[in-house]
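Student: Protein chains in written order, with the numbering used here: chain Z, 3 to 294; chain F, 12 to 464.
#1: Can you list the residues of chain F that residue 25 of chain Z reaches, using a CB-CB cut of under 8 Å?
#2: How would you write the range of the alpha helix (DSSP H) that residue 24 of chain F sits in, first residue to last?
#3: Among residues of its own chain, excluding the 5 on either side of residue 101 of chain Z, which ones have a beta-carbon nearer than 6 Å to its beta-carbon?
#4: Should residue 453 of chain F be counted as a contact of the ligand NAD given a C-beta to heavy atom distance under 7 Å?
#5: Just to confirm, is the Cβ distance from residue 106 of chain Z to residue 219 of chain Z under 8 Å?
#6: Can you name, in chain order, every residue of its own chain whose Cβ lies under 6 Å from the Cβ of residue 124 of chain Z, other than the five neighbours on each side?
#7: Under the three-state reduction of DSSP, which class applies to residue 34 of chain F: helix, strand or coil?
#8: Does the Cβ-Cβ distance between residue 195 of chain Z and residue 26 of chain F come in under 8 Å?
#9: Do residue 439 of chain F and residue 405 of chain F have their CB atoms nearer than 8 Å?
#10: When the Cα atoms are used, what is the spatial distance from residue 32 of chain Z to residue 329 of chain F?
#11: Between residue 227 of chain F and residue 396 of chain F, which are expected to be in contact by the criterion C-beta below 8 Å, what is the C-beta distance as a whole number of angstroms?
#12: Tell me, to the nearest whole angstrom, how far the beta carbon of residue 245 of chain F is from that of residue 331 of chain F; I am working on the premise that it is less than 8 Å.
#13: Quick one: Cα of residue 75 of chain F to Cα of residue 152 of chain F, how far?
#14: Are there 16 or more other CB atoms within 10 angstroms of the CB of residue 64 of chain F, so buried, or fewer, so exposed?
#15: Can you give me, in chain order, the residues of the segment 174-207 of chain F that have a beta carbon less than 9 Å from any beta carbon in chain Z?
#16: Taking a contact to mean a Cβ-Cβ separation below 8 Å, would you say residue 52 of chain Z touches residue 259 of chain Z in this structure?
#17: Just to make sure I have the definition right: I need the residues of chain F whose C-beta is within less than 9 Å of the C-beta of residue 164 of chain Z. Which are they?
#18: In the DSSP assignment, the alpha helix (DSSP H) including residue 88 of chain F goes from what residue to what residue?
#19: Does the beta-carbon of residue 18 of chain Z have 16 or more other beta-carbons within 10 angstroms, so that it is buried, or is it exposed?
#20: Starting from the C-beta of residue 57 of chain F, find all residues in its chain whose C-beta is less than 8 Å away, skip the five residues before and the five after it, and write them out in chain order.
#21: Measuring CB atoms only, is the segment 263-279 of chain Z touching the segment 266-276 of chain F, in the sense that at least three cross pairs come out at less than 8 Å?
#22: Could you check what DSSP says for residue 155 of chain F in three-state terms: helix, strand or coil?
#23: Could you name the residues of chain F that residue 168 of chain Z contacts, counting a contact when the two beta carbons are closer than 8 Å?
#24: Please give me, in chain order, every unbroken run of the beta strand (DSSP E) with length at least 3 that falls completely inside the segment 301-356 of chain F.
#25: Taking DSSP's pairing of strands, which residues face residue 204 of chain F in a bridge?
#26: Just curious, the beta strand (DSSP E) that residue 243 of chain F is in, first and last residue?
#27: In whole angstroms, what separates the C-alpha of residue 223 of chain F from that of residue 436 of chain F?
#28: Residues of chain F with a CB under 8 Å from the CB of residue 54 of chain Z: which are they?
#29: Classify residue 150 of chain Z as helix, strand or coil using the three-state DSSP reduction.
#30: Report yes if the CB atom of residue 243 of chain F is closer than 8 Å to the CB atom of residue 334 of chain F, and no otherwise.
#31: For residue 198 of chain F, which beta-bridge partners are listed by DSSP?
#32: Hey, quick one: how far does the alpha helix (DSSP H) through residue 420 of chain F stretch, first residue to last?
#33: According to the neighbour-count rule (16 or more other Cβ atoms, all chains shown, within 10 Å of its Cβ), is residue 238 of chain F buried or exposed?
#34: Cutting at 6 Å between CB atoms, please list the residues of its own chain near residue 98 of chain F, excluding the five before and the five after it.
#35: Expressed to the nearest angstrom, what Euclidean distance is found between the alpha-carbon atoms of residue 23 of chain F and residue 139 of chain F?
#36: Any C-beta of chain F sitting closer than 8 Å to the C-beta of residue 290 of chain Z?
Spelled out as structure tokens, the structure:
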């Protein structure tokens with residue numbers, strides 16, 4: 003169904019039929035996509051306990067799941083997990099934003115011998131399964147004494163931010179679209195490369211800066227597997243993701259299932275809002291900064 | 012001659028042609044710089060060398076010397092006369108020996124690189140003095156780090172991070188593939204090198220591990236092809252349908268689909284897992300609707316074929332909005348001038364689509380297709396959170412929906428078969444390298460990264 007065909011058949015009954023069909027189809031698809039989210043929101047307000055119920059929709063509604071989530075500190079200490087994750091996320095965000103933007107700018111704007119080899123290296127390293135390094139990273143952190151007690155947090159921060167220099171592609175793509183003539187003019191006026199980077203490119207690349215900040219802030223909230231490997235049984239250092247995962251394990255699921263739903267909603271709302279906000283920049287990021 | 016002069020002298024050449032100071036810096040690194048008016052830099056390099064020598068004497072040499080044997084003192088029970096008890100001797104920890112050995116080798120490699128660089132640099136400075144050129148002062152060097160050499164300032168820390176927390180662990184893990192390090196045969200404390208034994212085991216179709224490997228590999232490739240191309244094609248169709256001129260409420264439709272990726276993936280996957288359990292919401296809904304009997308449930312995770320199809324379909328739920336989002340951006344991003352120029356030349360909509368839209372899309376999305384294929388081969392989250400690799404036959408370590416990467420996780424974290432895990436990782440890497448290099452090197456966007464700039 004090409005647009006050309008449609009244009010030619012303007013106002014024909016055929017077009018009306020196609021339009022109705024398209025909208026019905028989109029409606030069904032949208033329902034499929036939204037339904038699980040809708041269901042989990044309902045479950046988070048469900049009054050009956052337990053994981054599995056005999057009805058699709060809850061029979062009674064309550065706010066207790068949310069209250070329990072934020073006040074019950076005995077079994078699964080969600081508030082503590084929340085602060086842990088927040089701290090890790092803030093520090094990680096600072097480091098990885100700096101790393102990503104630095105690497106992306108260097109690769110986009112500077113020309114040096116190591117440039118192509120670096121880009122190839124980044125590609126090759128990306129081909130290894132993540133777990134290969136995860137196990138070894140764990141041993142490495144262990145030999146540095148970063149796998150016990152509160153130093154686990156430092157370990158997690160290191161792991162989340164150390165290798166972010168490999169994820170430069172989107173930011174570099176954006177920098178590539180900023181015309182070089184702007185830099186050249188600035189250099190002509192006596193600006194150093196550092197000044198070009200901080201005073202010219204950064205303000206022009208605001209969308210991608212925000213995008214990078216937000217993605218690196220979100221990463222620790224949604225990673226659960228490395229946090230799980232590194233925290234092991236240190237419940238004090240758990241992040242939100244491990245907490246939610248634990249709520250679904252056999253020993254907790256009956257008591258905590260509806261709280262899991264509440265936690266999922268609580269975590270998803272800010273991340274969803276950030277994402278919806280970011281999405282604009284993301285599209286811009288692909289499409290380029292300075293137009294015309 | 013002129014061409015030769017422009018070429019930078021190699022480290023060996025620098026040594027051969029260098030004066031006394033340059034020659035001296037072959038042993039005392041930095042001497043050549045100190046002798047050629049770059050005192051501060053020279054001293055810094057010399058300090059590096061001193062630190063390295065101290066490290067080598069204290070632990071480095073020992074670490075490397077232990078590498079070939081990986082230690083041989085087993086943990087033993089010793090009778091302590093004074094205390095009248097049995098005590099355990101520490102014994103050698105091969106895993107640690109291997110790690111320290113790998114780190115020591117990296118330190119040696121780093122100093123070799125530094126040596127080469129300072130040899131070349133020293134000779135360069137010597138030449139400058141001989142030709143009566145200006146030798147940059149320390150202050151000028153620092154200033155250039157924020158100007159012409161800004162990339163050094165910006166990239167040092169990220170590169171160090173990658174080196175220490177990606178490359179070193181990777182080499183360490185790769186080296187494990189050639190050892191006995193595994194819970195099998197109690198080789199967790201003291202183990203030895205054993206060459207390619209584990210590779211043979213994995214690739215041998217007759218053996219138990221080998222049989223599982225080929226099964227998992229076949230499913231991994233099938234999964235990656237389905238996941239990548241179905242997502243790409245359906246996502247693009249969805250984007251085009253939404254972007255149609257006559258589609259109303261474009262923003263609303265886009266919002267509905269984007270909402271599902273705005274929710275963190277691990278949350279939505281866990282929700283899906285729960286919903287599709289034998290007594291989960293979907294089966295309950297079907298029972299309430301009367302589509303299946305009261306006690307019945309659809310075997311989403313318990314039947315192999317059901318589980319595989321379910322995973323692919325749920326992955327569509329996860330992936331289509333991503334593709335849609337990306338394609339929408341690129342579709343909107345095609346420069347208008349291209350269309351206008353084509354229209355001026357009298358091209359029709361079809362011609363424009365085939366000559367401009369499609370090449371542009373492929374140009375921009377080839378790397379995307381490759382990354383998403385690689386991402387799917389290594390897609391841990393979807394499998395681990397949805398089916399956990401199951402259903403698993405008795406006696407197998409790999410479940411029927413396990414990908415190489417989730418099997419790798421099970422082998423290393425759950426079973427502690429570190430050597431087998433490392434072999435699986437290496438094989439995954441080899442497969443991906445071949446696929447990627449062939450496609451990437453042939454893609455237009457690699458050959459000419461500035462074509463559409």
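In this text, a Cβ means the ideal position worked out from N, Cα and C, and glycines have one as well. It should be emphasised that the depicted structure is a prediction, and the values quoted were computed from it without experimental measurement.
Tutor: In short, the structure shows the following:
#1: 258 and 259
#2: 22-28
#3: 166 and 167
#4: By its list of ligands, the structure shown contains no ligand whatsoever, and the ligand NAD lies outside what it can speak to.
#5: no
#6: 168
#7: helix
#8: no
#9: no
#10: 13 Å
#11: Not really, about 18 Å apart at Cβ, beyond 8 Å.
#12: 5 Å
#13: 36 Å
#14: exposed
#15: 175, 176, 177, 178, 179, 180, 181, 182, 183, 184, 185 and 187
#16: yes
#17: 169, 171, 172, 173, 175, 176 and 177
#18: Counting along the chain, residue 88 of chain F falls outside any alpha helix (DSSP H), though it belongs to the beta strand (DSSP E) covering 88-91.
#19: exposed
#20: 39, 40, 41, 42 and 45
#21: yes
#22: helix
#23: 173 and 177
#24: none
#25: F/190
#26: Looking at the DSSP string, residue 243 of chain F is not in any beta strand (DSSP E); the run it does join, the alpha helix (DSSP H), is 219-254.
#27: 15 Å
#28: 288, 290, 291 and 295
#29: coil
#30: yes
#31: F/193
#32: 415-420
#33: buried
#34: 89 and 91
#35: 19 Å
#36: With a pLDDT of only 40 at residue 290 of chain Z, under 50, the local geometry of the prediction cannot be trusted, and the value read off the model is given with reservation. By this cut-off, residue 290 of chain Z is an interface position.
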